[in-house]
Every structure is written in structure tokens, then in C-alpha cells.
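**Q** Take a look at the following structure, please.
Protein chains: 2
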Amino acid sequence: MPDSTLSPTSNAPDATVEAYVATWNETDAARRQAGIACAWAAAGRYRDPLMASDGHAGIDAMPALSEAEGLAAVQARFPGFVLRRTSKVDSHNGQLRFSWSLGPEAGPAVVEGVDFCALAVDGRLEQVVGFIDGM
Amino acid sequence: MPDSTLSPTSNAPDATVEAYVATWNETDAARRQAGIACAWAAAGRYRDPLMASDGHAGIDAMPALSEAEGLAAVQARFPGFVLRRTSKVDSHNGQLRFSWSLGPEAGPAVVEGVDFCALAVDGRLEQVVGFIDGM
Numbered sequence: 000m001p002d003s004t005l006s007p008t009s010n011a012p013d014a015t016v017e018a019y020v021a022t023w024n025e026t027d028a029a030r031r032q033a034g035i036a037c038a039w040a041a042a043g044r045y046r047d048p049l050m051a052s053d054g055h056a057g058i059d060a061m062p063a064l065s066e067a068e069g070l071a072a073v074q075a076r077f078p079g080f081v082l083r084r085t086s087k088v089d090s091h092n093g094q095l096r097f098s099w100s101l102g103p104e105a106g107p108a109v110v111e112g113v114d115f116c117a118l119a120v121d122g123r124l125e126q127v128v129g130f131i132d133g134m
Numbered sequence: 000m001p002d003s004t005l006s007p008t009s010n011a012p013d014a015t016v017e018a019y020v021a022t023w024n025e026t027d028a029a030r031r032q033a034g035i036a037c038a039w040a041a042a043g044r045y046r047d048p049l050m051a052s053d054g055h056a057g058i059d060a061m062p063a064l065s066e067a068e069g070l071a072a073v074q075a076r077f078p079g080f081v082l083r084r085t086s087k088v089d090s091h092n093g094q095l096r097f098s099w100s101l102g103p104e105a106g107p108a109v110v111e112g113v114d115f116c117a118l119a120v121d122g123r124l125e126q127v128v129g130f131i132d133g134m
């Protein structure tokens with residue numbers, strides 16, 4: 000029951016970010032899609048300098064829909080890479096930011112950046128805008 | 000003619016941020032209000048951990064409307080303080096971020112932070128969300 004796992008409690012921003020980070024690292028398609036439904040509002044929008052995706056299916060980006068976008072494509076291109084949250088979740092007014100790194104499990108980060116997120120009233124992600132700090 | 004001074008050209012994000020920063024430092028009410036109309040879309044929203052303002056009048060926050068919010072109130076509380084942009088403007092997909100500091104003209108910064116902004120199609124600010132890095 001994805002919708003019941005998050006609620007707008009005081010630690011909702013942290014729980015939402017944990018669910019979001021987990022979707023980046025989940026390579027089982029069914030579990031990743033369930034996680035996306037936990038973390039994201041139905042009309043969620045993702046934007047970074049390289050990718051733009053809308054809605055649960057767009058964010059997951061099954062290869063049949065698009066080979067160029069989405070978590071599935073990122074995982075296919077960078078097998079074994081792990082997304083890690085590297086700062087606390089700093090939130091106010093339904094908005095939050097956190098820093099992250101992406102790279103191989105045992106090696107140094109290949110990309111680092113900041114995600115700026117807006118939460119829907121149910122605590123799920125309405126928008127994620129990613130910025131790159133180093134590559 | 001505030002609406003004609005900004006257009007969605009390649010350097011629009013920089014020009015918008017310059018116009019926005021200038022409104023923080025403009026103590027003449029009429030010039031500040033004209034600057035706000037240049038920098039902000041009519042339905043613009045400002046959020047930081049301490050202030051929330053909507054629309055041109057709310058962002059300006061004439062004392063008759065509210066003594067607790069807005070640029071006029073900040074200037075009254077911290078006379079001589081200057082807002083400075085301390086990073087480049089990093090933008091993509093109509094979204095941008097930049098770092099700033101606030102403090103006395105000749106002294107060290109009292110507050111530092113990051114603003115995340117969404118631009119309207121005309122290049123003006125639709126939303127500014129500020130986060131504090133140090134105080």
C-alpha cells in the first residue's frame with residue numbers, strides 16, 4: 000500500500016528522501032516501480048541538467064518507453080553505481096534540499112550534486128530539481 | 000516598462016537574479032516596487048525559514064500590510080545590510096540556484112545561504128525558496 004507509508008508528519012521529508020534515494024539504487028523493476036509510487040506524487044516532475052521525466056512511468060523510464068531517460072536507463076549505463084545522500088535533509092514550507100553523490104559502491108564519487116524538492120500535501124515528491132556540483 | 004526589460008534569452012537567469020538581488024538592497028520604496036515588478040511574476044512566491052510572501056505587494060510588504068515580512072521590514076530591521084550574490088547563477092530547465100550573503104556593507108556576512116528559483120515563461124521569478132547555510 001504505497002500511499003499509506005508516508006504521511007505529512009514531522010519526519011516526512013526525511014522518509015520521502017530515503018524512499019527517493021532507494022529508487023535510484025533498486026535494480027529490480029517491480030520493486031523500483033513500487034518505490035517510485037511511495038516516493039513520488041502521481042504528477043511528479045524530475046529535472047536535472049541531463050534528464051527530464053514526468054510521472055511515475057517517466058521517472059522509472061522503462062526501456063520500452065524511452066532508452067534515454069529514467070532510473071532504469073541510468074542503472075543500465077552505470078551498473079553498480081550507488082546514489083548516496085551526503086547531507087542532512089534541510090526542509091521548510093514543504094520544500095527541501097539535500098546533497099548527494101553517485102559512484103561505484105567501493106570507489107570515489109563520479110558525480111556530486113544537490114537536489115531541491117517540493118513535497119505534495121501527502122508528503123510525496125511533487126518536484127525534484129537536481130544541480131551538479133562536481134563531475 | 001518593467002515587463003520589457005527581461006526576456007527569455009540565454010542570459011535571462013543572470014539578469015533576473017541581478018534584478019532580484021537589487022530589490023533587497025533598494026531602500027527607496029518606489030524604486031524597490033518597480034524592481035520587484037521587473038524581477039518577479041505577478042503571482043510570485045517567496046519562502047525561506049523565516050518569511051513567506053506572495054505577490055508583488057507581499058514581497059515588498061509595505062508596513063501597512065504587514066510589519067513582520069518583506070524586504071521593507073528586513074531593511075528596517077537591519078539598516079545598512081547588503082545582500083550579495085556569492086556564486087554564479089547555475090540554471091537549467093527554467094530553474095536556477097545561486098549562493099548569497101547578507102551583512103553590513105563593510106563587515107563580514109551575518110547570514111549565508113542558497114536561493115533556488117523557478118522562472119516564469121517571461122523570465123521573471125515564479126518562486127524563490129531560500130535555505131540558510133550559516134548564521
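Residue numbers (numbering that gives the first Met the number 0), protein chains in the order written: chain E, 0 to 134; chain W, 0 to 134. Glycine included, every Cβ here is placed at the ideal spot set by N, Cα and C.
Near E/Leu95, what residues of its chain come up, given a Cβ to Cβ distance below 6 angstroms and the 5 sequence neighbours on each side ignored?
**A** What you label residue 95 of chain E is simply residue 96 of the first sequence in a count that begins at 1. Closer than 6 angstroms at Cβ, skipping near neighbours: Pro12, Val88 and Cys116.
**Q** Give me, in chain order, the residues of the same chain whose beta-carbon lies closer than 6 angstroms to that of W/Val128; leave out the 5 immediate sequence neighbours on both sides.
**A** In the second sequence, the residue the question calls residue 128 of chain W occupies position 129. If we look at W/Val128 and ignore the five residues flanking it on each side, its Cβ neighbours are Arg46 and Phe115.
**Q** Is there a Cβ from chain E that is less than 9 angstroms from the Cβ of W/Ala42?
**A** Residue mapping note: residue 42 of chain W aligns to position 43 of the second sequence, counting from 1. No - not a single Cβ of chain E is within 9 angstroms of the one on W/Ala42.
**Q** Closer than 8 angstroms, Cβ to Cβ, to anything on chain W: give me those residues from the region 43 to 62 of chain E, in chain order.
**A** Against chain W - using a Cβ distance shorter than 8 angstroms - the residues of the region 43 to 62 of chain E are Arg46, Asp47, Pro48 and Ala51.
**Q** Any C-beta of chain W sitting closer than 9 angstroms to the C-beta of E/Asn92?
**A** Taking the first sequence and counting its residues from 1, the one referred to as residue 92 of chain E is at position 93. So, interface residue.
**Q** Against chain E, does W/Pro78 count as a neighbour if the rule is that its beta carbon must be under 9 angstroms from one of theirs?
**A** Counting from one through the second sequence, the residue named residue 78 of chain W turns up at place 79. Answer no: the Cβ-Cβ gap between W/Pro78 and chain E never drops below 9 angstroms.
**Q** Are the CB atoms of E/Val113 and E/Ser90 nearer to each other than 9 angstroms?
**A** One-based indexing of the first sequence puts residue 113 of chain E at position 114. One-based indexing of the first sequence puts residue 90 of chain E at position 91. Not in contact: E/Val113 and E/Ser90 (Cβ atoms no closer than 9 angstroms).
**Q** Please list the segments of the alpha helix (DSSP H) lying wholly inside the region 9 to 91 of chain W, counting only runs of 4 or more residues, in order along the chain.
**A** With a minimum length of 4 residues, the continuous alpha helix (DSSP H) runs that stay inside the region 9 to 91 of chain W are 11 to 24, 28 to 38, 54 to 59 and 69 to 76.
**Q** Taking the DSSP output, what are the residues bridged to E/Asp114?
**A** On the first sequence, residue 114 of chain E is found 115 positions in, with the first residue counted as 1. The partner list for E/Asp114 (beta bridge, DSSP) reads E/Phe97 and E/Gly129.
**Q** Nearest by alpha-carbon distance to E/Gly51: which of E/Ala40, E/Gly69, E/Ala38 and E/Gly79 is it?
**A** Position 52 of the first sequence, counted from the start, is the residue given in the question as residue 51 of chain E. One point to set straight first is that residue 51 of chain E is Ala, not Gly, in the sequence displayed. Looking at the Cα atoms, E/Gly69 is the closest of the given residues.
**Q** Here's the rule: buried if 16 or more other CB atoms are within 10 angstroms of the residue's CB, otherwise exposed. What is E/Thr85?
**A** Within the first sequence, the letter at position 86 stands for residue 85 of chain E. So E/Thr85 ends up on the exposed side.
**Q** If you draw a straight line from the C-alpha of E/Gly133 to the C-alpha of W/Ala72, how long is it?
**A** For this step, residue 133 of chain E is matched to residue 134 along the first sequence. For this step, residue 72 of chain W is matched to residue 73 along the second sequence. Whole-angstrom Cα-Cα distance: 37 angstroms.
**Q** Taking 6 angstroms as the limit between beta carbons, can you name the residues of its chain near W/Gln32, skipping five residues before and five after?
**A** What you label residue 32 of chain W is simply residue 33 of the second sequence in a count that begins at 1. So the qualifying residues of the chain are Asp59.
**Q** Short of 8 angstroms Cβ to Cβ, which residues in the region 84 to 112 of chain W face chain E?
**A** Within the region 84 to 112 of chain W, the residues whose Cβ lies closer than 8 angstroms to some Cβ of chain E are Asp89, His91, Asn92, Gln94 and Arg96, listed in chain order.
**Q** Give a single yes or no on whether W/Thr15 has its beta carbon closer than 8 angstroms to a heavy atom of the ligand FMN.
**A** Annotation note on the ligand FMN: not contained in the displayed structure, which lists no ligands.
**Q** By how many angstroms is the C-alpha of W/Ala41 removed from the C-alpha of W/Leu5?
**A** Translated into positions along the second sequence, residue 5 of chain W becomes position 6. Translated into positions along the second sequence, residue 41 of chain W becomes position 42. The pLDDT assigned to W/Leu5 is 45, lower than 50, so where the model puts this residue is not dependable, and the model offers no usable value.
**Q** Could you tell me the distance, in whole angstroms, from the CA atom of W/Gln126 to the CA atom of W/Pro48?
**A** Taking the second sequence and counting its residues from 1, the one referred to as residue 126 of chain W is at position 127. Taking the second sequence and counting its residues from 1, the one referred to as residue 48 of chain W is at position 49. W/Gln126 and W/Pro48: Cα-Cα distance of roughly 15 angstroms.
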